[in-house]
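Here the structure is laid out as C-alpha cells; the discussion comes afterwards.
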Amino acid sequence: MSNYKTLDAADIAFIKNIINDPKRILCGEDINEEYSHDELSDTKSWPDLVVRVLSTEEVSKIMAYAYENNIPVTPRGAGTGLVGSSVPMEHGIMLDTTLMNHILELDQENLTITVEPGVLLMDLAAYVEEHDFFYPPDPGEKSATIGGNISTNAGGMRAVKYGVTRDYVRGLEVVLPDGRVLELGGKIVKNSSGYDLKDLIIGSEGTLGMVTKAVLKLLPLPKKTISLLIPFPTLSQAINTVPLIIQSKSIPTAIEFMQREVIIDAEKYLGKKFPDNQSDAYLLLKFDGSSEEEIERDYDDVAKICLEQGALDVLISDTEERDESIWKARGAFLEAIKGSTTYMDEVDCVVPRNRINELVEYIHSLDQEIQIRIKLFGHAGDGNLHVYILKDELSDEEWEIRMNKAMDLIYAKAHELEGKVSGEHGIGFAKKPYLSRSLSTDAIALMRGIKQVFDPKNLLNPHKICQ
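Going by the numbering used here, the sequence shown opens with residue 41, and the numbers climb by one from there.
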C-alpha cells in the first residue's frame with residue numbers, strides 16, 4: 041500500500057486530545073533535526089509529528105487512529121542505530137519512547153526484571169548490579185534503549201559466552217499496528233505453546249509491532265572478573281588463535297580483536313593512553329566467575345595457548361581501574377573512527393568464527409584495490425566483524441562509487457564464507473539490497489508474508505528490512 045495520508049490539522053488535534061500535554065508533541069519547526077536520522081546512516085527523512093509517549097494506552101490509541109486513517113508510524117528509541125531503522129521514510133507519526141523509561145519490577149524469585157522500552161541499557165545494568173544481579177547483553181552503545189536492543193536483537197561483546205538479547209527476553213507487551221495490545225511470553229522459563237510470536241518481534245526492527253514492556257531474564261552477578269590484553273605480531277596470528285581458545289573449553293566472557301591503528305584512534309579520541317599500543321594486533325579477553333581461583337584456572341590455560349601461537353606477551357588486568365580503562369577504549373572505537381574521517385559507512389557482517397580470518401585478510405586487500413581507507417575490529421569469539429569504510433576527502437561522486445564497490449565485495453565475500461549480512465545492527469533501510477541478494481526469494485517472500493499478516497496496510501515502519 042502506498043496511499044499514505046499526509047497529516048492535517050484534524051489529525052494533529054485528535055492526537056493532542058489523546059496526549060493532553062503539548063510539551064510532548066512536536067510538529068513543524070519544533071521537531072529536532074536528530075529525529076530525521078539515526079547515529080550513522082545517511083538515510084534522512086523528517087516525521088510530520090513526533091509524540092513522546094508515556095504509556096501503552098497512548099501508543100495503542102495513536103496507532104489505532106493511524107491505522108484507521110492510513111497514517112504511517114515509526115517507533116524510535118534513543119536513535120543510536122546505524123542502518124536507518126528508526127528513520128520515518130514516509131514521514132507520518134514518530135513515537136518516541138524515551139520517556140517510557142521506568143523499571144517496573146525486579147522479581148528476585150523468578151530472576152526477572154520488567155522494564156519499559158525507553159530504559160537505557162547502562163541504567164538497567166547499573167540497577168541490577170546494585171541488587172547483585174547481571175544482565176549479560178552488552179552492545180557497545182550503552183546509551184541505547186532496551187526497546188531498541190530488542191528490536192535489533194542486539195548482541196555485543198559478551199555474546200560468545202552468554203548469547204544475545206533474544207536469549208534474555210522472557211515476555212513482551214506489544215502494540216500491533218491496528219492498536220491491539222498483545223502479551224507474549226511471560227516469566228515462564230519454557231514455552232512450547234504454539235508459534236513463538238515473541239521471538240518474531242525480537243529483531244523485527246519495529247516493523248511488526250511496537251514493544252511497550254519487556255520481561256527480561258537475569259543471572260546472579262559474577263563475583264570476579266579479569267581481563268587479558270594479548271599482543272600478537274600479526275592480526276592473522278591473533279584471529280587464528282580464537283578457535284583454539286574456544287576448543288579449550290575455558291570460554292571467556294568476551295573475545296575481541298583489534299589493531300594498533302584503531303587503538304591509536306581511540307587514544308586520540310579519549311585523550312588517554314592504552315596500556316599497550318606497540319603491536320600490530322591484539323586479542324582482548326574477559327573472564328568472569330564465582331572466585332578468583334576459578335578464573336585463574338581458565339585464563340592460565342588460555343594464556344598458554346596464546347603464547348604457543350606466537351603471542352608476544354599476556355598482560356593481566358586484575359584491577360577495576362585498569363580493566364575499565366581497557367574496555368572504555370574498546371567501547372570508544374566506533375566514535376574514534378568516526379572522528380578520524382569526514383564521513384563513514386559500516387558493515388556488520390557475521391561469518392562462522394573459523395572463517396573470520398579469511399574475511400579480515402580479504403578486506404585488508406581491498407584498501408589498495410579500491411583506493412579507500414577501511415578500518416575494522418570486532419567480536420572474534422562469535423565471528424561478527426565491524427568494518428568501517430571512510431570517505432576522508434573523496435568527492436561525493438567518487439565516494440559513492442568506491443563505497444558501493446567495497447560494500448558489494450565485502451558482502452559477497454561474507455556470503456561465500458557462509459556468513460550473514462548483519463550480526464547485531466540489523467538491516468533497516470540502508471542494508472536492504474544486501475539482504476535481498478543474500479537470501480533466497482522464498483525466504484524473502486516468507487518475511488514479506490509475515491509482515492502482511494501483522495501489518496496488512498504496511499503502516500508500521502515502512503520500507504525497512506525486506507519491504
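The beta carbon of each residue, even a glycine, is placed where N, CA and C say it ideally should be.
Being a predicted model, the structure only gives us computed values, none of them experimental.
List the DSSP bridge partners of residue i.
i	result
residue 215	221, 250
residue 328	265
residue 321	272, 299
residue 510	The structure shown does not extend to residue 510, since the chain spans only 41 to 507, so no value can be given for it.
residue 361	According to DSSP, residue 361 bridges with nothing at all.
residue 145	154
residue 417	426
residue 386	428
residue 294	326
residue 255	154, 211
residue 260	173
residue 460	390
residue 355	269
residue 500	113
If you compare alpha carbons, which of the options is closest to residue i?
i	options	result
residue 73	210, 65, 85	85
residue 351	375, 320, 333, 367	320
residue 242	446, 133, 55, 157	157
residue 430	88, 423, 416	416
residue 311	299, 269, 266, 376	376
residue 199	277, 393, 102	393
residue 90	434, 185, 154, 132	132
residue 389	101, 123, 111	123
residue 110	45, 272, 238	45
residue 412	141, 438, 151	438
residue 425	140, 506, 469, 403	403
residue 28	368, 309, 308, 64	With the chain represented from 41 up to 507, any question about residue 28 goes unanswered, as that position is not in the structure.
residue 231	302, 484, 210	210
residue 207	181, 159, 259, 169	259
residue 80	343, 500, 507, 468	468
Nearest-angstrom Cα distance between residue i and residue j?
i	j	result
residue 358	residue 113	48 angstroms
residue 328	residue 338	9 angstroms
residue 305	residue 78	23 angstroms
residue 67	residue 183	25 angstroms
residue 372	residue 233	43 angstroms
residue 117	residue 126	8 angstroms
residue 420	residue 203	14 angstroms
residue 455	residue 475	10 angstroms
residue 477	residue 240	22 angstroms
residue 494	residue 193	19 angstroms
residue 292	residue 356	14 angstroms
residue 276	residue 401	8 angstroms
residue 41	residue 502	At residue 41, the pLDDT of 49 sits below 50, so the modelled position is not reliable and the matter cannot be decided from this model.
residue 451	residue 471	10 angstroms
residue 261	residue 332	14 angstroms
residue 83	residue 215	26 angstroms
residue 491	residue 246	11 angstroms
residue 496	residue 348	58 angstroms
residue 322	residue 315	12 angstroms
residue 449	residue 56	49 angstroms
residue 98	residue 59	7 angstroms
residue 374	residue 50	43 angstroms
residue 138	residue 354	42 angstroms
residue 436	residue 443	10 angstroms
residue 128	residue 250	15 angstroms
residue 217	residue 188	18 angstroms
residue 427	residue 151	37 angstroms
residue 6	residue 396	As shown, the chain starts at 41 and ends at 507. That puts residue 6 outside it, with no answer to give.
residue 238	residue 244	10 angstroms
residue 274	residue 422	20 angstroms
residue 220	residue 140	19 angstroms
residue 289	residue 165	27 angstroms
residue 235	residue 498	22 angstroms
residue 154	residue 181	21 angstroms
Using a Cβ-Cβ distance cut-off of 7 angstroms, determine whether residue i contacts chain B.
i	result
residue 497	Included in the structure is just one protein chain, with no chain B present.
Start-end ranges of the alpha helix (DSSP H) lying completely within the segment 52-140, minimum 4 residues: With a minimum length of 4 residues, the unbroken runs of alpha helix (DSSP H) contained wholly in the segment 52-140 fall at 96-108.
message: Would you call the segment 378-386 in contact with the segment 399-410, where contact means no fewer than 3 C-beta pairs closer than 8 angstroms?
response: With contact defined as three or more Cβ pairs closer than 8 angstroms, the segment 378-386 and the segment 399-410 are not in contact.
- prompt: Any contact of the segment 244-261 with the segment 145-162, i.e. 3+ C-beta pairs under 8 angstroms?
  reply: Yes: at least three Cβ pairs fall under 8 angstroms.
field: Meets three-Cβ-pair contact criterion under 8 angstroms: the segment 222-231 and the segment 98-106
entry: Verdict: no, contact absent.
- prompt: Along the chain, which unbroken stretches of the beta strand (DSSP E) at least 3 residues long are found entirely within the segment 157-235?
  reply: Here the runs fully enclosed are 209-215, 221-225.
message: Would the segment 281-291 count as touching the segment 170-177 if we require 3 or more Cβ pairs under 8 angstroms?
response: Counting Cβ pairs under 8 angstroms, fewer than three are found: no touch.
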